Each structure stands twice: as C-alpha cells, then as structure tokens.
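First up is the structure itself, then whatever we jot down about it.
Protein chains in written order, with UniProt numbering: chain R, 1 to 122; chain W, 1 to 496; chain Y, 1 to 501; chain V, 1 to 587.
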C-alpha cells in the first residue's frame with residue numbers, strides 16, 4: 001500500500017508492499033476500480049435500477065458518489081490540516097513534567113513488561 | 001433468626017441496651033490491669049447492647065412503641081424514653097458500629113501504643129450509653145440531657161493525647177458544643193415548653209398552633225434548634241469537628257460515624273419531625289433559610305476539604321458537608337426529604353466509618369497522616385486503600401454503595417418542594433467529593449513509592465484492617481437493603 | 001400540749017441549749033450536744049411543717065398574751081418550710097463541724113463555737129417563726145451577732161477572717177439599722193409592730209413616712225440577703241469563715257432574710273400597698289445584674305470557696321427574680337430555689353470543707369487531680385456543681401425549670417423570653433466556673449502531698465446532702481407543690497392568716 | 001423457555017460477581033472465570049426469552065416505597081445490545097488473557113456486566129445504577145493505564161461520568177415527582193408545554209455518555225491513556241450503552257439529527273491532525289456515534305434498526321482496531337504515528353486483522369460496516385433529509401480517512417521505523433501474543449461474518465426488516481465513493497499535500513475546563529477556604545478579646561471586682577437606700 005520509497009532503509013528490508021511494482025499496481029488498481037464502479041452505476045442508472053431520493057444534483061447523478069468521495073476526502077485533508085494552526089500545542093502542554101511521571105511497578109506490570117519483550121509468550 | 005431477637009420485652013431491651021455500657025464502664029475500670037479482659041468486657045457490652053438494639057429495631061418495626069418513664073419530676077416534666085423508628089435505626093447504627101469501633105480501637109490503641117487506654121474505653125462506654133439515650137429519648141428534655149452527657153463523655157476522648165494541641169482542640173470542642181447547646185438549644189427547649197407546656201415528642205410536631213399564630217416565633221425556634229444542635233455541624237458552628245481531629249482515630253470514627261455528629265443530625269431530624277412538625281416546617285421561612293445554610297455548608301465545607309492536606313481534617317470537613325445533607329432533608333421536611341435524611345444517617349455512618357478507620361490504619365502502620373506523604377502507599381497497603389475507595393464511593397453516592405439512595409431521596413425531596421437549586425448543590429457536592437475523597441487513594445495507588453523501592457505489602461494489624469472492610473462491605477450490603485430501611489422509616493412520614 | 005407549742009419550741013430549744021453548750025468541756029461533747037439539739041429541732045420543725053401543711057398556719061401567743069398586745073408566733077407554710085430547712089441544715093452541719101472544727105477552730109473555743117452556732121440557729125428560727133415585726137429585728141440581730149463571731153473564728157487558719165468579720169459586722173449593723181429605722185417609721189404611723197395589725201393599718205395609708213419606711217426596710221433586708229450591690233460582706237465572710245459555718249450560713253442566713261423580705265412584702269405591705277412594685281422592679285433589675293456580675297467574678301477567682309461565695313450572690317439573683325414576678329408561680333419558684341440552693345450549696349461547701357480538711361487549702365491549684373485522690377468528695381462536689389448549673393436530675397434543674405415556667409406565665413415589663421434567656425445565659429456562666437473546677441479535679445494530674453483521709457463524720461453529711469440534691473431533682477413534685485401552697489398563702493390576701501388557702 | 005438459572009438472575013450480576021471473584025485468581029484463572037461468566041450470562045439471557053418490541057419479558061419486579069424496580073426487561077432492542085456486550089466482553093477476556101492486569105481484568109468484566117445490566121434494565125433507577133457502575137468500573141481501567149496523565153484523565157473522566165449519572169438521577173427524580181412511571185420508556189423532549197425539563201435532563205445525561213459535541217472530550221482524553229488492553233474494554237460499552245438509552249428514550253427526537261450530524265463531522269478534522277493513533281480511534285469512535293445518534297434522531301424503524309446494527313458492528317470493528325493498536329502498543333510501547341511504521345513486516349497477523357477492522361469501519365462491501373451504515377444513510381434518504389444525508393456521506397469519506405487509511409497506513413506501512421539498518425537499537429517488534437491474535441481473529445471473523453451474511457445481524461434487530469444491503473446499486477455507489485476517496489489520498493500523498501505527523505497535543509473544548517476552568521475552580525476553592533479561615537480566626541480573636549475584656553474587669557483587682565474598703569461599701573448601701581427612697585417617693 002505504501003506508495004513512497006523510503007529513503008533510508010535497504011532494499012532487502014522492504015516488503016512486497018514497498019516495492020515499486022506494488023506501488024505501480026496500486027496506481028492503476030485504485031482509480032481503475034473506482035471507474036469500474038462508476039461505470040456500473042451509470043449502467044444501473046440507465047437501466048433504471050437505481051432508487052435515487054434526491055435530484056440530479058445529487059444521487060440521481062450516477063457519478064455523484066465518486067465525486068463526493070474525492071472532494072470530501074480532499075477537503076478534509078486540505079482544509080483540516082489548517083486546524084493545527086489553532087489547536088496544536090507541545091506534547092507536555094497539559095501535564096507538564098508530571099506527564100512523564102514513572103509508571104507503577106506492580107507484579108502485573110512486571111509481567112506485562114516481560115510480555116512486551118516477548119519473553120513469556122504462551 | 002427473628003425469634004432470637006424476641007426474647008426480651010422491648011422495655012427491658014431498652015433499659016439493658018443503655019445499662020450494659022454503664023456496667024461495662026465499671027468493669028473496664030476494675031480490669032485496668034488486664035487489658036485483654038478489659039477489651040473483652042467492652043466488646044461483650046457492645047454485643048449485648050447491639051443485641052438489644054436489634055431487638056428494639058425489630059420490635060419497633062413490628063409496630064411496637066416501647067415507652068419508659070424514667071422519672072417524673074413534676075407533672076409534665078419527666079425524663080422518659082420512647083422508641084420510634086428513627087431512634088431505633090440510630091440506636092442500631094450506633095450500637096452496631098460501636099462493636100466494630102471497639103474492635104478497631106483495640107488494634108489502633110495497641111498498635112499506636114497509646115496511653116490511658118482504660119480511661120479511653122471507660123469514656124467510650126458512657127458515650128455510647130448517652131448516644132442510645134439520645135436515640136431513645138422520649139422528650140426534648142431527655143434528649144437534651146443525654147446530648148450534654150454525650151458531649152461531656154466524649155470530651156476526655158477528644159483530649160486523650162493530653163498535649164497542648166489536644167487541649168486547644170478540646171477547648172473548641174467543648175466551647176462550641178456546650179455553648180450552643182446551652183445558649184441556643186436549651187432556650188429552644190424551654191421556649192417550646194413555655195409555649196406548649198410539654199416537651200414530649202409527638203409525630204407531627206407540637207408547635208402547630210405556634211406556627212399558625214406566631215410564625216416569627218416558630219421561625220426563631222427553628223433556627224435555635226438547627227444551630228443549637230451544633231453536633232449536626234451546621235455552619236458556622238462546625239469548627240469543633242475539625243478541631244476534634246486531634247483525638248485518636250477511633251475517637252474520630254466515633255465522633256463522625258457512630259455517635260456524636262450522628263446524634264446531632266439525628267436530633268435535628270427528630271426534632272423536625274416530632275417537635276416542629278414537618279408540615280409546619282415546610283411552610284416556615286426559617287426552614288428555607290436553614291435549608292440554604294445547609295446547602296452552603298455542603299459546598300463550603302467541600303471547598304475547605306479540598307484544601308486540607310491532613311487526611312483526617314479532610315474527612316472532617318467532608319463530614320460537615322455530608323451531614324448537612326441530613327439537615328437539608330430535615331428542613332425540606334417533605335416526605336422524601338425526611339426519608340433521605342434518615343437514610344443518609346445510616347449510609348454515611350458506614351461510609352465515613354470506613355474512611356476513618358482506613359486513615360487510622362495508615363497512621364498505625366506507617367505513621368502518616370498527610371495526604372502528600374501517602375503517594376505510593378496504596379501498593380504497600382492495598383487492602384486498606386481498597387476499603388478506603390469503597391467507603392469514598394459510598395460517600396460520593398455511587399452505586400452499588402449505600403450512599404446512592406439518600407442522595408436520590410434528597411433530590412426527590414428538593415424537587416418535591418420546588419427547590420431545584422438544591423439538586424444542583426447535591427450534584428456539585430458529589431463531584432467535589434470525588435475530587436477530594438478519591439484523589440488521595442488513587443494517587444496512593446498510582447504514584448510510585450518514594451525512592452523507587454519495590455513495594456512490599458505492609459498492612460496495619462488485623463484488628464485495624466478487618467473493621468474497615470466490615471463496614472466497607474456493609475456499604476455494599478446496605479445498598480441492597482436501603483429499600484427496607486426506607487420502608488422502616490415510612491411511619492415517620494405518614495400523611496405527608 | 002407539745003403540738004400547741006410547736007411554733008416556738010424549735011426557737012427556744014437551741015436558745016436555751018446554747019448556754020448549756022458553753023458550759024460543756026472543749027471536746028466532742030459540745031458538738032454532740034449541739035447536734036442532738038439540732039436533730040430535735042429538726043424533728044419538731046418537721047412536725048410543724050406537717051401540721052401547717054395539714055391544718056394551715058399555726059399561731060402561738062408568747063406568754064399567753066393575745067395578739068395586739070403580746071408577741072405572737074405565727075408559722076404559715078412558707079415559714080414552716082424555711083424552718084425545716086434551717087433545722088435540716090443545722091442537723092447536717094453540726095455533726096460535720098465536730099470533726100471539721102478540730103482543724104479549723106482554736107481548740108479552746110470549741111464550746112463557744114457550738115454555743116454560737118446554736119444561737120445563730122435559734123436566731124434564724126426565730127426570725128421565721130415570729131409574727132412580730134420588731135421580733136424579726138431582734139432575732140436577726142441575735143443571729144447576726146453570733147455569726148460575726150463565728151466568722152471571726154476562722155482566724156485560726158486565715159487572719160483575713162477577722163477583716164471579713166469586721167466588714168460583715170459593720171455592714172450587717174447598717175442593714176439592721178436601716179431595718180429598724182424602717183420599722184420605727186411604720187410604728188410611728190400605725191402604732192403597732194404586729195405584722196397583721198401593721199397590714200391592716202397600713203391599708204390605704206400612703207404618706208411619705210410609710211414610703212420612707214418601706215425604702216428603709218427594703219434596703220435593710222436587701223443587705224441582709226446580700227442583694228446586689230449590697231452583697232459585699234458576703235464573699236469574704238463566706239470565704240474565711242470555718243467550713244461548717246460557711247456551709248450553714250450559705251444555706252440559711254440569706255434564705256431566712258429572703259423569707260423576711262417575703263413576709264414584709266406580702267404580709268405587711270401587700271398588693272394593696274401602692275408602691276410595692278418598687279420592690280419588684282428593684283429585684284428584677286438587681287437580681288438580673290447580680291446573676292451575671294457575681295457569676296462573672298466567680299469565673300475568674302482562684303479560691304474555690306470564693307467562687308462558691310460569689311455563686312451564692314448570683315443564686316440570690318434567681319430568688320429575687322422569682323419574687324419580682326409577683327405571682328404565685330414566681331414566689332413558689334423563689335421558695336423552691338431557696339430550698340434547692342440551700343441543699344446544693346451546703347453540699348458544695350461541705351465538700352470544699354472536706355478538701356480543706358484533707359489538703360488545707362481552698363485554692364483551685366489544690367484541686368488538681370482530686371478525682372483520683374478523693375473520689376467521693378469529688379463526686380459530691382460534682383453533684384452539687386451540676387445542681388448549681390441546673391442539670392436535670394438535680395434540684396437546681398427543678399428550681400430553674402420552675403422559675404422559667406413562672407417567667408413564661410407572668411406578664412412582665414420585660415418580655416418573659418428575655419428573662420428566660422438571661423437565666424439560661426447565667427447558667428452558662430455557672431457552667432464556666434463549675435467547669436473550671438471540674439476540669440481541674442478531673443483532667444489535671446495531681447500534685448503536692450497526699451490528702452489526709454476525711455473522717456466519716458464529715459463524709460456522711462456530705463453524701464447525705466448530695467443524695468438529697470439528687471432526690472430533690474427527681475421527686476420534685478412534693479416540694480414544688482408545698483412551695484406553691486406556701487406562695488398561694490403568702491399572696492392570697494397579702495396576709496398570712498385568716499385565709500384558708 | 002426454561003430459565004437457565006433462577007429466573008431473577010441478572011446476567012449483569014453474573015458478570016459482576018465474576019469480576020469480583022477474579023481478584024482472587026491469577027491471570028489464567030481470571031481468564032477462565034471470565035469466559036465462563038460471559039457464557040453463563042449469555043445463556044441465562046437467552047434462556048429467559050426475548051419479547052418483541054413493546055411486549056418485553058420482565059423479571060424480578062419489586063416495589064419500594066411506591067417505586068417499581070424492573071431489573072430485567074428483555075425485548076429485541078435491549079437484547080441486541082446485551083448480546084453484543086456479551087460478545088465484546090468475551091473478546092476482551094480473550095484479548096486480555098495474558099496482558100490484562102488484575103484491576104483491568106476484574107473491572108473489565110464488571111464494566112461489561114454493568115453495560116449489560118444497563119441495557120436490560122427495565123426501570124430508570126436500575127438503569128441509573130448500572131450507568132454509574134459503568135462509570136466507576138471503567139475509571140479503574142483508565143487508571144490501570146498508569147502514570148500521572150492517566151490519573152488525571154481518569155479523574156476528569158470520573159467527574160464527567162458521574163455528573164452524567166447524577167443528571168440522570170435528577171431527571172428521574174423530577175420524572176417521578178411529576179408522577180411519571182418508573183419504567184424506562186420513550187420521553188418526549190418537546191411537548192405541548194414546550195421543552196420538558198425531565199426529558200431535557202435525561203437527554204443531557206445520555207448525551208454526555210454518548211459524546212455529544214462539546215460533551216465529548218472525556219472520551220478522547222481518557223481512552224488513549226488506558227493500557228492497550230484497557231482501551232479495548234473501554235471502547236465497547238459506555239458509549240453504546242448511551243446509544244441504547246437514546247434509542248430507547250429518544251427515538252425520533254429531531255434535535256438528535258443535527259447533533260448526530262455534527263458528531264460525525266467535527267472529529268474527522270481532529271482525527272486528521274492527531275498523532276496518537278489511539279486518540280485517532282477515539283475521535284473515530286465519536287464520529288461513528290454520530291451516525292447512530294443521527295439514526296436515532298431519524299427514528300424510523302429502519303433508522304433504529306440501523307442504529308442498533310451499527311452499534312453492533314461498530315463494537316466489533318472498533319474493538320478490533322483498538323486491539324490492533326493495543327498489540328502495537330504492547331510491542332513497541334507507543335501508538336504515536338510519528339514513532340511507528342513498517343510493522344506489517346513483523347506483525348503480519350495484526351496488520352491483517354487491523355485492515356479488516358479498517359475496511360469494516362470504512363464500510364467496504366463484504367465487511368460489516370457496509371451492512372449497517374448503509375441502513376442509516378438509506379433511512380436519512382428515505383426521510384428526504386438532504387442535509388443530513390449529505391453530511392453522512394461526507395463523514396463516510398472522513399471515516400475512511402482517519403480509520404480506514406490513517407490507522408493501518410501509519411502504524412503498519414509508511415516509514416519503516418524498525419528496519420535494522422536504521423540502527424536505532426530496537427529489534428523489530430514481535431507479532432502479538434497468541435491470545436491477542438485469537439481475540440482479534442474472533443472480532444475479524446465477526447466483521448466478515450456479518451459482512452458476508454447480513455441476516456445473522458438482521459435477525460437480531462429490533463424491528464422486522466426486509467432490508468437488503470447487497471444490491472448492485474448499494475455496492476456500486478459505496479465502492480465508487482471509497483475508491484475515489486482512496487485515489488484522492490494517493491494523490492495527496494504523492495504531491496505531499498497530506499499533512500505530516502507531528503508530535504503534539506491538540507486542544508479540544510476541554511481546554512476550557514482543563515486550563516482556565518481548573519484555575520478558576522482552584523482559585524474559588526482556595527478563596528472559600530481562605531475566607532472561612534479568616535472568619536474563623538476573626539471569631540476566635542473576637543471571642544478571645546471579649547473574654548479577656550470580661551476577665552480584665554472581673555478578675556481580682558479588676559474594675560468591678562476590686563476590694564473596697566468598708567467605708568465605700570457602706571456608701572454603696574447609702575446609695576442604694578437613696579435610690580430606694582427616690583423610687584418610693586416618685587412612684
């Protein structure tokens with residue numbers, strides 16, 4: 001799924017999803033599938049197999065959903081990131097140094113640590 | 001089971017319940033030299049008393065109303081006992097928790113190497129007898145007499161440490177309690193006598209005429225009673241309570257949960273129902289004033305509690321806040337207000353008892369009394385702090401613990417009388433309770449043990465550990481049986 | 001027949017016994033003899049009380065001379081109560097004095113001491129029993145003069161007793177003088193000294209002479225009964241007198257003066273006398289002030305006996321208050337308090353005497369930790385103290401309760417409630433001064449030497465009085481109804497006689 | 001049907017008792033007890049029988065002081081929620097088999113029990129009780145996350161949750177005083193006499209737990225502070241209990257439509273810029289709740305079915321996503337996007353399961369989300385609510401963005417931060433432990449099962465339905481939307497328009513009470529205390545001065561207690577006599 005070459009890692013460390021071939025495939029697959037379903041929708045509309053509830057501007061229009069998906073997504077990402085200008089703060093904004101106060105050391109926690117290191121997998 | 005508690009005639013049970021601690025008083029004095037026997041005597045007396053209280057409780061629940069005329073000094077002026085449901089309930093709570101408290105005292109006093117233990121247990125005996133006297137009092141005079149006896153008998157307990165702090169605390173304790181009771185309560189009693197020619201408790205109150213014809217007088221009497229019963233710790237007469245925190249913890253538990261403050265709010269409630277009259281009260285302007293004073297007490301005391309670092313002081317202010325609920329309920333004087341007040345007496349007793357005993361256990365095991373020192377202590381004393389959390393949840397009013405229902409009943413009561421703002425106060429109070437009661441315990445669990453040492457469990461002695469757990473479980477059990485208590489108290493609100 | 005002589009016998013008996021006592025050797029015999037006399041007098045007084053309660057006031061013409069000419073002894077219920085009270089106090093304090101006096105009196109004075117005691121006793125009985133105004137003066141002086149002597153006998157332990165006795169002598173004499181001046185003025189107007197005749201002849205008479213006489217009598221008796229601010233002789237006299245003397249005086253002499261006051265107010269002047277109200281206003285104001293003033297002073301004293309002495313002044317305020325209501329209830333309350341206060345104060349002073357016997361001091365510091373060392377005495381003291389405060393189940397409570405009830409039932413210049421509140425407030429002050437002593441006794445650690453054991457002869461009277469204090473708190477109905485009847489008799493017509501009620 | 005246990009036995013109680021019992025056992029014992037308890041509860045519930053809507057089976061009715069308690073009420077609506085709660089509880093137990101601490105394991109089961117109890121509660125007070133127990137038990141799970149931040153977040157969480165409970169309680173009280181019935185039924189928010197305060201209070205209480213906008217912050221604040229296991233537990237119950245309560249009490253309440261629509265939209269933007277992936281999931285959760293709330297607001301049988309179905313599937317896939325993130329947290333110690341990437345290489349199963357969850361939530365056909373969400377959009381369309389419908393479509397794209405793409409992409413793909421050649425010392429994280437994989441597998445299986453065979457779900461829904469998700473039209477439109485959205489994503493990344501992840505914390509409306517609110521509260525508290533202390537000190541001073549004043553006057557030697565000589569005393573006597581004479585002559 002990754003569509004970007006990672007600059008730092010070695011080629012043999014890459015999985016199949018990070019190969020240029022896979023990425024190329026995705027660049028075809030995704031828009032292709034989208035177009036396929038858009039076509040299908042157009043066909044259905046022509047055959048009057050759709051059940052629109054609203055007007056031509058909306059779901060009577062067979063490619064409406066594709067447009068909505070594309071535009072909404074772009075809108076969210078492009079506009080949404082500007083929210084950071086208002087609300088973003090450093091990580092220790094609220095709790096200050098207390099945020100990093102050490103966690104507790106109960107038996108359970110000791111066990112948890114060993115699990116997290118993969119020592120006691122059952 | 002019930003048959004076991006029908007062996008004694010109720011009148012006998014009343015007498016025995018009050019006499020047993022007094023007998024124990026002398027026995028304890030005689031057994032000064034052998035502590036184990038001495039404590040056994042205390043506990044035996046406690047059990048006898050409790051047995052009698054249960055007998056009375058059941059009997060009264062079945063509709064009996066035992067009455068005993070102790071003496072009739074003058075026609076119309078007598079000392080008498082007359083048990084009704086509220087008193088029977090309070091007697092049950094006080095005597096039951098006395099047993100628990102005695103067990104706990106053993107652990108605490110020995111664990112803490114306290115001096116003067118014989119005197120300590122002796123004073124306890126008198127105090128519990130007086131508390132039962134308050135519970136079963138049949139008229140204002142008797143109530144007043146035992147009320148004073150309770151003040152005086154707990155005084156040596158409060159000043160047990162005998163150092164300067166204890167003396168100072170004791171002075172405030174005695175000064176406020178005696179001052180208000182003689183300066184305000186007594187005139188009220190006398191005035192009621194002057195107006196009606198009697199001081200007997202009668203359901204529905206005895207001041208109907210007064211309230212109708214002399215509303216101002218009635219209002220003043222209401223205020224005198226509400227503030228005169230300073231044991232109820234209605235602001236601004238509450239400072240005796242935090243000042244009494246110099247006493248050993250079992251005493252604090254006794255003051256807060258078993259007898260003293262409870263006696264105060266019980267008194268307010270009982271006087272509201274049986275002297276002032278709920279109907280009259282609900283129409284009185286003074287009751288509104290007191291209601292709002294109580295509401296303010298709830299909030300202000302909570303605010304002060306938040307700023308206290310001494311755990312016991314924090315709990316003390318919490319009591320001031322929590323018991324104003326009862327005053328609130330009494331002054332709302334609606335059906336649910338009264339039931340809520342009664343339920344709160346029971347629920348708060350168990351919850352606050354737990355909290356105090358936990359605070360004491362911490363003091364015994366680790367000599368810590370400041371919240372700031374308790375960080376990380378939860379993992380050293382998990383059982384104590386777990387019990388504490390249960391007690392705190394009950395006080396906050398979270399299900400499944402007993403404190404839930406009184407709050408609900410009081411909400412019903414406030415809405416019934418149209419005081420929606422009180423509902424807001426109750427909600428706010430609960431939220432503040434969360435902050436100041438739970439925070440210490442949760443921090444104790446969550447913060448690291450100082451110095452990052454491994455936490456080894458070091459609990460208080462068993463005698464200090466089981467009693468709080470007993471009451472903590474009691475909080476849970478009472479949650480399910482609160483309905484029965486409410487049914488039990490229903491005769492109080494008949495016709496409302 | 002003995003019964004016919006009842007009004008006079010309790011007076012004559014100690015009077016006659018006194019010289020006999022003086023002749024007895026300086027040992028226990030004198031005391032025992034005096035005790036015996038007191039007991040007999042008590043029995044006689046009790047019989048008198050019974051008779052009066054059953055058949056009404058009794059009358060005895062001294063020497064057989066009939067009313068207007070001779071001296072008449074008349075005892076109504078109020079009088080009988082006070083007589084019994086005085087006799088009771090005598091019969092309790094005399095045996096107590098036998099042991100106590102050995103400590104506090106110069107041994108060579110023992111016989112004189114008891115003789116004086118008997119004379120005081122006789123004088124007080126006489127004031128009550130007599131129906132003749134001048135006779136009141138005579139007996140008052142008999143008792144006063146011997147009292148001065150008794151107070152002065154305290155000089156063995158404390159030289160200040162002499163000053164106290166001197167002050168008492170001066171002031172007492174002033175009081176007596178005023179009283180006799182007043183009598184003289186009345187005599188000038190009416191030409192009689194018989195109380196009932198005085199009453200009859202004063203009816204409707206209103207002139208400056210009578211008014212002046214009234215004022216003189218009021219002041220004179222006021223001094224005798226230690227009405228504020230005429231109380232100044234009392235604290236010192238009580239403090240420095242020997243313990244049994246204090247106990248006896250505190251419980252009787254002011255009470256008898258109160259009785260005399262009642263007698264003059266209601267029997268001699270009565271309600272049809274226009275400005276009787278002056279007295280009531282006087283009593284109301286001075287009584288209230290006295291209650292507070294004396295209590296406040298008591299709080300700050302270090303000498304227990306002094307505290308109790310001031311407390312007496314305060315308590316007299318209660319009695320005056322009751323009288324000032326000028327109702328049956330009020331006067332009855334005053335009488336009840338006369339009895340109760342006598343009992344409780346005796347209890348307290350006897351206990352103080354026991355402590356003095358044991359430790360040789362009245363200072364508060366001597367009382368430290370007394371609860372452990374002298375439990376019985378402490379208990380007795382506490383019972384008396386509780387009664388003084390007015391705790392239920394003690395006599396003091398009953399008197400306050402009756403007084404409060406009377407206040408509520410009276411129409412007064414000041415609202416009843418204010419008076420009630422002041423009564424309550426002054427009780428709070430009593431809590432303070434008794435509480436201080438109790439604190440010292442119970443909560444402080446003992447210091448100093450071990451106390452001497454107190455002999456039985458002192459313990460028994462003390463305990464008896466404590467028991468009586470409690471008894472009066474429990475079975476109060478008898479006393480209260482007696483006092484009510486007495487008050488009714490006093491007030492019914494303004495006369496002690498004739499009326500059946 | 002024959003009850004499995006005594007008929008009054010509440011499945012919730014079974015779970016709660018089990019939860020308490022767990023305290024006394026080790027990890028394996030806890031797991032076994034948990035499984036048994038969930039199974040018992042489930043069997044018990046179904047053996048009691050399910051009534052249709054409007055004709056519920058009721059058990060254990062008792063009356064106290066005129067109030068009727070109905071602890072158990074089984075109809076289609078309550079049982080569908082209780083069923084999924086049981087499933088979630090089972091998944092939780094398995095997921096936490098090894099990893100759950102004692103507190104988490106036991107409180108998790110109590111928490112599940114309270115949610116079940118709440119769903120099955122027939123009267124308002126019982127609902128309240130479970131409502132509050134859910135709050136208390138869950139706060140321990142948050143605290144079990146450890147650390148000071150978790151402590152504070154837990155405190156805030158508890159306060160807010162309890163406030164919800166108390167508002168509910170106040171609403172109940174008002175309801176009862178006004179003579180309302182104790183049974184928990186539908187409320188009417190706007191009656192003839194305007195807004196009904198009872199309904200408003202209760203709706204507000206529900207709204208807090210359902211994360212209405214502005215009331216929502218507790219969720220994003222606290223869930224990410226729990227441990228990996230804890231967050232899974234938390235994700236399932238509280239909010240869905242609230243959804244159930246809304247569906248029961250406020251179906252068809254118009255105001256819920258705009259509220260729900262807002263809820264679907266605003267979290268999308270916060271999720272976009274959030275770095276902590278579990279917090280992203282928390283925003284996503286909020287967004288999903290918006291769909292349900294919206295559906296409840298629409299209130300038609302189809303919409304209610306949609307809400308119930310969505311709640312059902314949502315629990316599985318949201319749990320799945322949280323489980324995936326929990327596994328990542330366990331293995332790497334973080335869920336921050338900036339610190340993750342490339343995990344698919346060493347955690348393939350986790351990756352796969354997470355992607356199943358992501359596709360489910362994005363409503364890909366053949367995954368469970370599609371089956372449920374299309375019901376809601378259809379319901380909006382059928383009611384011709386254009387705006388709502390558009391917003392839901394927009395939000396669907398948003399869901400895809402934050403849950404469908406962002407979560408798997410940043411955690412498992414993107415920059416490989418664990419490649420050995422990076423030499424940051426850390427080995428590649430291992431695959432999640434078996435128990436976690438089983439749990440994830442179970443959830444993934446459910447997602448696919450419902451996706452492939454929707455009648456499994458439809459049979460459970462409250463109303464009879466002839467709804468078919470898999471029409472060509474539905475599939476085509478939905479796929480069209482999703483694929484073009486993904487295409488947009490690819491383009492944005494390609495042209496570096498997708499915002500980079502930044503270590504940060506983003507302010508939400510809770511800033512108002514966490515910063516200025518907190519300061520104001522503390523100042524008010526301190527001031528109250530100070531004022532009181534000042535008053536008390538003043539009172540003490542005054543009392544002391546009055547006393548010492550009295551003392552100075554009455555002490556031996558004081559003005560009023562001085563020893564006077566005989567002469568002066570005699571003079572006093574004369575003065576009194578003079579006054580007496582004066583009075584006597586004047587009167």
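By construction, the Cβ of each residue, glycine as well, lies at the ideal position given by its N, Cα and C atoms. The structure presented is a predicted model; accordingly, all values stated were derived computationally and were not measured.
Contact set for residue i: own chain, Cβ-Cβ below 8 Å, skip 5 residues either direction
i, result
"residue 198 (chain V)", "171, 174, 175, 178, 180 and 187"
"residue 184 (chain Y)", "213"
"residue 237 (chain W)", "176, 180, 227 and 230"
"residue 144 (chain W)", "181, 185, 186 and 189"
Residue range of the beta strand (DSSP E) that includes residue i
i, result
"residue 70 (chain W)", "67-74"
"residue 61 (chain Y)", "58-61"
"residue 72 (chain Y)", "72-75"
Residue i classed as buried or exposed, judged by whether at least 16 other C-beta atoms fall within 10 angstroms
i, result
"residue 450 (chain Y)", "exposed"
"residue 25 (chain R)", "exposed"
"residue 33 (chain W)", "exposed"
"residue 108 (chain Y)", "exposed"
Range covered by the alpha helix (DSSP H) that runs through residue i
i, result
"residue 57 (chain V)", "Not the alpha helix (DSSP H): residue 57 (chain V) falls in the beta strand (DSSP E), residues 57-59."
"residue 94 (chain R)", "Per DSSP, residue 94 (chain R) belongs to no alpha helix (DSSP H) and is neither H nor E."
"residue 417 (chain V)", "Per DSSP, residue 417 (chain V) belongs to no alpha helix (DSSP H) and is neither H nor E."
"residue 412 (chain V)", "407-412"
"residue 219 (chain V)", "217-222"
Chain-ordered neighbours of residue i on chain A, where CB pairs are closer than 7 Å
i, result
"residue 514 (chain V)", "In the structure shown, chain A does not exist; the protein chains are R, W, Y and V."
Cut-off 6 Å between Cβ atoms - residues of its own chain near residue i, not counting five sequence neighbours on either side
i, result
"residue 240 (chain Y)", "154, 158, 160, 161 and 164"
"residue 228 (chain V)", "326, 329 and 330"
**Prompt:** According to a CB-to-CB cut-off of less than 8 Å, which residues of the stretch 415-447 of chain W neighbour chain Y?
**Reply:** Taking 8 Å as the Cβ-Cβ cut-off, the stretch 415-447 of chain W has no residue approaching chain Y.
**Prompt:** What are the uninterrupted segments assigned as alpha helix (DSSP H) that are 4 or more residues long and contained completely in the stretch 490-539 of chain V, given in chain order?
**Reply:** Here the runs fully enclosed are 511-514.
**Request:** Enumerate, from N- to C-terminal direction, the unbroken alpha helix (DSSP H) stretches of 4 or more residues contained entirely within the stretch 222-253 of chain Y.
**Result:** You should have 233-240.
**Length-filtered (4 minimum) alpha helix (DSSP H) runs lying within the stretch 103-141 of chain W** = If we require 4 residues or more, the alpha helix (DSSP H) runs fully inside the stretch 103-141 of chain W come out as 117-136.
**Request:** With 8 Å as the limit, tell me which residues of the stretch 146-163 of chain V have their beta carbon closer than that to any beta carbon of chain W; keep them in chain order.
**Result:** Residues of the stretch 146-163 of chain V with a C-beta atom less than 8 Å from some C-beta of chain W are 146, 147, 148, 150, 151, 154, 155, 158, 159, 162 and 163, listed in chain order.
**Asked** Can you list, in chain order, the residues of the stretch 110-133 of chain V whose Cβ is nearer than 7 Å to any Cβ on chain W?
**Response** Across the stretch 110-133 of chain V, CB contacts with chain W closer than 7 Å involve 129, 132 and 133, in sequence order along the chain.
**Request:** Return the chain-ordered ranges of every alpha helix (DSSP H) run that is complete within the stretch 392-462 of chain W and spans a minimum of 4 residues.
**Result:** List check, alpha helix (DSSP H) in window: 404-416, 420-433 and 439-446.
**Message:** Against chain V, which members of the stretch 190-223 of chain Y pass a CB distance test of less than 8 Å?
**Reply:** So the close ones are 208, 211, 212, 214, 215, 216, 218, 219, 222 and 223.
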